[in-house]
Structures are given as structure tokens and as C-alpha cells.
Amino acid sequence: MLPALAGANIIYGLGMLELGITFDYAQLVMDNDMAKMMKKAVEGIAVNDATLAVDVIRQVGAAGEFITHEHTFKHMKTEQSQPKLIDRRMRDAWLELGGKDFAERAYEEAIYILENHKPDPLPAGVPEQIRTIIEEAEKEYGIKK
């Protein structure tokens, strides 16, 4: 989080364990969830007429109840990070749904992705362009095939 707050535009090491010697797909999906939360935090909070909700404050009153107001419900889903794997339910609800921890959900998600993800094919000509770039770099650096 500190590098992100300091302005870093890349996070290195997602999915890595043991100083990068080991790679773990479940760790990758856990790190991805955390990276999304960091990105949301670094974006900051939008300050505008809609988010300030001055009209809602006038309507409800300074000492009023805002939690059930439609405006609050609408904005809490966009202003708060929404991780896929981190479960924010109350303990009883979490246990009712099986009580799986972060790592268990991450392993299930990693397996699901590996078994089901179908990437879009590269556009026509891109593989050839990549091959040309590699061949030019090999020639420039004297790499023999």
C-alpha cells in the first residue's frame, strides 16, 4: 500500500512466494483482490454534488438516519472497495455459508479460472509482430538460435 500511496504505478510480486522462487495461483488471486483494494484507496474519494449529498443532508437532517437512505445504498456499492474473495459478512452468516477462509476461496477461484477461462485470441498479425520484435532483439544482442 505504501508504494501505491507514494505514486508507484506497478506492483511487483503478485502470486510469488519465497522471494519469487515459488509461484502460487491462489496467492495470485488473493494478491489481485488486495491490489484492487489498494487501487480503490489510491483513487481517493470523489468530492462532487452527488457524493457530498448536501440535498440529502438537508432532507434527512444533520442528526438524522442516513444508513437506509437510497443515496447511501447507491454510493456505498461504488465508494467502498468490493473484493471478490474477501468475505465481509458477519461471522454467523459466514459460517452458515460454509466458513471458508480467504485461502480456501482463493484456491477454488484459481482452479475455476484454470479450468474455465477462455482468453480472446490475439488479433490477426500480432503473433507475427511479436516474433519479429523477438528476432530483432536477438539480432541486436547477438543471441544465436
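Counting in my numbering, the sequence shown runs from 769 upward without gaps. Backbone N, C-alpha and C fix where the C-beta goes; we use that ideal spot for every residue, glycine too.
On the criterion of 16 or more Cβ atoms from any shown chain inside 10 Å, does residue i qualify as buried, or is it exposed?
i      : result
Met769 : exposed
Gln827 : exposed
Ala874 : buried
Gln795 : buried
So what's residue i in DSSP terms, helix, strand or just coil?
i      : result
Thr836 : coil
Leu770 : helix
Leu890 : coil
Leu796 : helix
Met805 : helix
Ala858 : With the sequence shown as reference, residue 858 is identified as Met, and Ala is not the correct amino acid for it. Residue state, collapsed to three classes: coil.
Leu820 : helix
What's the C-alpha gap between residue i and residue j?
i      : j      : result
Gly781 : Gln897 : 28 Å
Ala892 : Asn884 : 24 Å
Ala905 : Phe841 : 54 Å
Ile902 : Gly910 : 12 Å
Asn816 : Val822 : 10 Å
Val824 : His843 : 12 Å
Lys912 : Pro895 : 21 Å
Asp888 : Leu882 : 15 Å
Ile779 : Ala831 : 42 Å
Thr900 : Glu908 : 12 Å
Gly788 : Asp860 : 37 Å
Glu786 : Pro771 : 21 Å
Gly829 : Arg856 : 30 Å
Glu876 : Leu890 : 28 Å
Judging by CA-CA distance, which residue of the options is the nearest neighbour of residue i?
i      : options                           : result
Tyr793 : Tyr880, Gly829, Trp862 and Lys804 : Tyr880
Leu871 : Gly783, Lys845, Val822 and Ala776 : The sequence shown places Ala at residue 871, not Leu. The shortest C-alpha separation from Ala871 is found at Gly783.
Lys852 : Pro895, Ala821, Ala878 and Val815 : Ala878
Leu820 : Glu876, Leu882 and Glu847         : Glu847
Gln850 : Leu787, Leu773, Gly829 and Ala803 : Ala803
Ala774 : Gly829, Met806, Met858 and Ala831 : Met806
Are at least three pairs of beta-carbons, each pair with one atom in the region 791 to 808 and one in the region 832 to 845, less than 8 Å apart?
Segments in contact, no.
contact_flag[the region 809 to 819, the region 865 to 873] where n(CB pairs < 8 Å) is 3 or more:
With contact defined as three or more Cβ pairs closer than 8 Å, the region 809 to 819 and the region 865 to 873 are not in contact.
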